[in-house]
Every structure is written in C-alpha cells, then in structure tokens.
Amino acid sequence: MKKHWIFALFLTLLLLSSCALSRPDTIQPQSSGASDSDSDTDAAQQIPEDAAQPLYRLHAADQRIPSLAEHFDGVMKIGAAVNAWQLSENADIYQVLTKQYNAFVLENEMKPERVNPAPGVYRLDAGDTFAQFGEETGAVLRGHTLVWHSQVPAWWFEGSGEDGRATQEELLTRMEEYITTLVTHYRGKIDTWDVVNEAFSDNGSGLRGADENSLWTSIIGDLDGDGSETDYIEQAFYFARAADPEAQLILNDYNLEGDPVKLEAFYQTVKAMLEKGVPIDGVGIQGHINLGWPSVESFEAAIEKLASLKEYNPDFVVQITELDVSIFEWGDESLEKETDLILQTQFAARYADLFDMFARQAEKGNLDMVLTWGVYDGGSWLNNYPVEGRTNAPLLFDRDMKAKPAFWAIIDREVLPAVFEEWR
Ligand code: G3I
Numbered sequence: 075m076k077k078h079w080i081f082a083l084f085l086t087l088l089l090l091s092s093c094a095l096s097r098p099d100t101i102q103p104q105s106s107g108a109s110d111s112d113s114d115t116d117a118a119q120q121i122p123e124d125a126a127q128p129l130y131r132l133h134a135a136d137q138r139i140p141s142l143a144e145h146f147d148g149v150m151k152i153g154a155a156v157n158a159w160q161l162s163e164n165a166d167i168y169q170v171l172t173k174q175y176n177a178f179v180l181e182n183e184m185k186p187e188r189v190n191p192a193p194g195v196y197r198l199d200a201g202d203t204f205a206q207f208g209e210e211t212g213a214v215l216r217g218h219t220l221v222w223h224s225q226v227p228a229w230w231f232e233g234s235g236e237d238g239r240a241t242q243e244e245l246l247t248r249m250e251e252y253i254t255t256l257v258t259h260y261r262g263k264i265d266t267w268d269v270v271n272e273a274f275s276d277n278g279s280g281l282r283g284a285d286e287n288s289l290w291t292s293i294i295g296d297l298d299g300d301g302s303e304t305d306y307i308e309q310a311f312y313f314a315r316a317a318d319p320e321a322q323l324i325l326n327d328y329n330l331e332g333d334p335v336k337l338e339a340f341y342q343t344v345k346a347m348l349e350k351g352v353p354i355d356g357v358g359i360q361g362h363i364n365l366g367w368p369s370v371e372s373f374e375a376a377i378e379k380l381a382s383l384k385e386y387n388p389d390f391v392v393q394i395t396e397l398d399v400s401i402f403e404w405g406d407e408s409l410e411k412e413t414d415l416i417l418q419t420q421f422a423a424r425y426a427d428l429f430d431m432f433a434r435q436a437e438k439g440n441l442d443m444v445l446t447w448g449v450y451d452g453g454s455w456l457n458n459y460p461v462e463g464r465t466n467a468p469l470l471f472d473r474d475m476k477a478k479p480a481f482w483a484i485i486d487r488e489v490l491p492a493v494f495e496e497w498r
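So the sequence shown is numbered by the working numbering: it starts at 75 and just counts up by one.
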C-alpha cells in the first residue's frame, strides 16, 4: 500500500511538474497564496469552482469532509493547540474544532506568566473556559505547562537570596503552591499535564542551565545529594501527582525526534528518574519540524526508544504534542516561499508518512495522541518565528481553513491524485 502511494505520488509529482511548466496559469491551489496578477485572475476563471469544490477545496467544517478524530478513532487522539476565545460557539473556528479534533491544549493561556502574574493572584478565566469546553465536548485536555524557564513570572525567581534571587526554599514553595493550586482546581477536568517543559539543554549536556536562561537548577540544585540536579523536575511531578492522582503527567521537550545527542541525554535522565520512582507517565515530543528535517526514520526511532521506558512504568507513553511542518528550512530567513503544487505535494507526502508512522506506533501502544500546534496556517506561531511577519504554511488547514492536500494524504490518499488530475 505504501509503495502504491509513493508511486502515485511520484506520478502526481511528474504530472504536476509538467503541468506547472506547460500551463502555469491554470493552477491556483491556495487562495491565500493567490497572486492578483491578471493572468492568475483569468486562470482562476478557467477552473470551474464546482469541479474543485467537492473535495480539495472544502472548508474543514464542511459536512462533506471527513474528520481527523473519527478517522483515527480507536488508534489515537488527534488534537490541536487553541486559544480560549476560539472555544465559543460564535467563533468561526468552533465547528472546525469540534468536528476535526478530540484533544486540545491552550497555546499560551495556561502558562505560569499568564496564570500567576503576582503573588497570590491566579487568573483562571481562560483555563476555566477551556475546562468547560472539555466537559461539553468530551475531548481530552492537556494542561500546558506547569514548570518552564520561559513565560514564567519574574517574581518566582526573586527573593531573599543572594543578589535578590529566590532561595531554594522560596522557589520550591512557590512551585508547590502553583502546581497544587492549578492541578487541584482542574482535577478531573484537565486529563494530561505538561508538568515540566523544555528542561533539557540544546547542547546535549543534560539539563538546561543559567547559560540557557533557566534558573531552576541553579536555585534548586541537588536536593537529595545523588549528584544530579533533576530534583526540581522530580518535585514538580510529585506535587502534581499529589494534587491529581489520576492525571497523566508528562515531561515535554523539543528536537528529541532529530537530535540524537539531546535524545540520549533526555532518555538517560528520564530512565534514572523512573528508576527512582518519580511518577512520570510519559514524554511529549513537541515535533516542530520542517519539510526535510528530521527523517521519519529518525522520528520513529525516537518514539521507539522513549516508549521502551514502559519497562519502568507500564502506562508510560509518548505523545506528539506540538506538531507543525515548516515549509522553510532552518536558517532560511526569507519571508515568502511559493506554495506551488510541487511543494504542496511534498508537504502532503511528508504529513502522510508521518501519520502512517504515528498510527503504526499508536497500534504498538507506544503513542496515544498527536496534536498540531495550531489549526490553520494563518494562526501558526511560525508566521512570526524565527522570522517575524513571514508567511509560513505548516498545518493541515490553509488560511481560509480549507483542507490542504496533506489532509487528504492522511485521510484518503486515493482522493489526492484524482483531485490533482482534474487540473491537468
Ligand atoms: O499577547 C501579546 C500581545 O498583547 C502583544 O501585543 C504582543 C506583542 O509582541 O505579544 C503578545 O504575546 C505573544 C504571545 O505569543 C501571544 O501571541 C508573545 O509576545 C509571544 O512571545 C508568544 O509566543 C508564544 C511562545 O510560545 C512563547 O514562548 C507562541 O504564541 C506559542 O506558540 C509558543 O508556544 C511554544 C510552547 O509553549 C512550547 N514549545 C514551543 C512552542 C513554540 O515556541
């Protein structure tokens, strides 16, 4: 089946290349990327809207379009990062959310900086809206994130220590109060917590330290004297477990799928914590990748390696928590990239291969959910990072919330060549 798909894709690619060369004006796959040149306007008129409309150009909430969540029902949950204002029935994205996904995470509104801006102040409005939405829809909710070095309130790290820094005791007390307050408040409502986020160094040396903007290890240090500084992570998991014994507790990080040195440090550290009995139920691989990096094989190997930690906790699982596929390579600083059919076909093949692999891993019991970081291209953080104001297109739905070929490549790959065929 896979060979058949690759072959079909290859054929499609060939057809599209020749099509693009011979009749460049007749192809207008993405309205968002449409140019306003005269020839393009003429070309758009040559494609009867109705011919394209039934499949390829459908809005994500159209009743004729399949649902990602239903497609993977019984295999894995499919989710997306959202913002609280999108969870109202009046929001134009609401129907898309309820149709396409059965797992959600708030992109920014449950980060400590937002929730706990000053001592004793808890802003729970966005989180409460989120929890209510979860109750109404029955979706799985992820809480992101309890402990991080970024988007934490500055006051957490200030106190009566040297140079006005918080002491070990002050920081631990704040962390305990914060985790206990939040996890208790959402007990039974938020199913899964990113208890600690991005604790690992980019240089593969182990935990992130002050040189990489994290004060957690330098202030809390090695509490139990075992020679490692994972103690702040361990304490965070213990506090979360005490506040909600049923919640799934996750350690979340990036680049694990493509950086073997970071993966090894991460794996060894999690293994050591599991051996000590720290209640870690799984790990999140964020999955901020691009068209060419990393290989699917590398991604799959990372899932397999981390899932092998089931040896220490039978419930241990891997989740893909923040998937997006940038159309720009790392280091490419351009603002635009043409999303022609060839690029869209590569993008579709990339998503199809990834989701084939995720489903395979889910069926092996290694993976239980995949969330994309956002829903549609216009709402992605990648339009502002690492280059501000660029036009990226990393998700399954375009700027008009219409399904891209990648969506069909995942759900029903037979549709994709047929649709492209119509445009020859
Ligand atoms: O809301 C303010 C707005 O009032 C202000 O005018 C504007 C000016 O810059 O900033 C707005 O806040 C921005 C916020 O996103 C909401 O859009 C912040 O500057 C910006 O820094 C923040 O970026 C978020 C980033 O985390 C912060 O680290 C991204 O949206 C969010 O997608 C991103 O998510 C992270 C995950 O939490 C962890 N993994 C990586 C992932 C991507 O970086």
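Virtual Cβ for every residue (Gly too), placed ideally from N, Cα, C.
Predicted model only: the values in this text are computed from it and were never measured.
Per DSSP, W455 lies in no alpha helix (DSSP H) and is assigned neither H nor E. When DSSP states are grouped into helix, strand and coil, G208 belongs to the helix group.
In this structure, the beta-carbon distance from A314 to W367 does not fall below 8 Å. If you draw a 10 Å sphere on the C-beta of W482, you find 16 or more other C-beta atoms in it, and that means buried. Here DSSP, grouped into helix, strand and coil, assigns Q393 to strand. If you ignore the 5 residues before and after F207, its C-beta comes within less than 6 Å of the C-beta of L161, all in its own chain and listed in chain order. When beta bridges are read from the DSSP output, H259 appears opposite no residue. In this structure, S288 has its beta carbon at no less than 7 Å from each heavy atom of the ligand G3I. Distance from the CA of N326 to the CA of T172, rounded to the nearest whole angstrom, comes to 25 Å. Judged by the Cβ position, S275 fails to qualify as a neighbour of the ligand G3I at the 7 Å threshold, every heavy atom of the ligand being at least this far. Membership of K151 in any alpha helix (DSSP H) is not indicated; the residue belongs instead to the beta strand (DSSP E) covering 151 to 156. In this structure, the beta-carbon distance from V399 to I359 does not fall below 8 Å. Minimum Cα-Cα distance from P460 among the listed residues A423, F402, L490, K379 corresponds to F402. Residue environment for T413: buried (at least 16 other C-beta atoms within 10 angstroms of its C-beta).
By alpha-carbon distance to Y341, the top candidate from A316, G361, L281, I293 is L281. It is roughly 32 Å from the alpha-carbon of G452 to the alpha-carbon of P334.
Note that the C-beta distance between F432 and I394 is below 8 Å.
Boundaries of the beta strand (DSSP E) harbouring T446: 441 to 446, taken from the DSSP string. Within the segment 173 to 247, complete beta strand (DSSP E) segments of at least 3 residues are found at 177 to 180, 214 to 221, given in chain order.
Per DSSP, the unbroken beta strand (DSSP E) holding T266 starts and ends at 266 to 271.
The three-state reading of DSSP puts D427 in helix, counting H, G and I together.
By DSSP's assignment, V489 forms no beta bridge with any residue. Only residues of its own chain outside the window of five on either side were considered, and among them G283, A284 have a CB closer than 8 Å to the CB of S292, listed in chain order. For H362, the enclosing beta strand (DSSP E) starts and ends at 362 to 364.
Residue state for Q309 is assigned as helix, using DSSP reduced to three classes. Beta-bridge analysis with DSSP links G356 to I324, V391. In the DSSP assignment, T291 falls within the alpha helix (DSSP H) that extends over 290 to 294. The residue from W447, A426, D166, P227 with its alpha-carbon nearest to that of Y196 is P227.
With respect to the C-alpha of E338, the residue from D276, A317, K151 having the closest C-alpha is D276.
With a cutoff of 7 Å, Q225 counts as near the ligand G3I, since its C-beta is closer than that to a heavy atom of the ligand.
One Cα belongs to D427, the other to E236, and the distance between them is close to 52 Å. Residue pairing by DSSP places K476 opposite H133 in a beta bridge. With respect to the 8 Å criterion, M443 and M150 are classified as neighbours on the basis of their beta carbons. The segment 131 to 145 and the segment 174 to 182 touch, with no fewer than 3 CB-CB distances between them shorter than 8 Å. Put simply, of W404, K345, L397, K336 the residue whose alpha carbon is nearest the alpha carbon of S382 is K345. Not one heavy atom of the ligand G3I sits closer than 7 Å to the Cβ of Y450.
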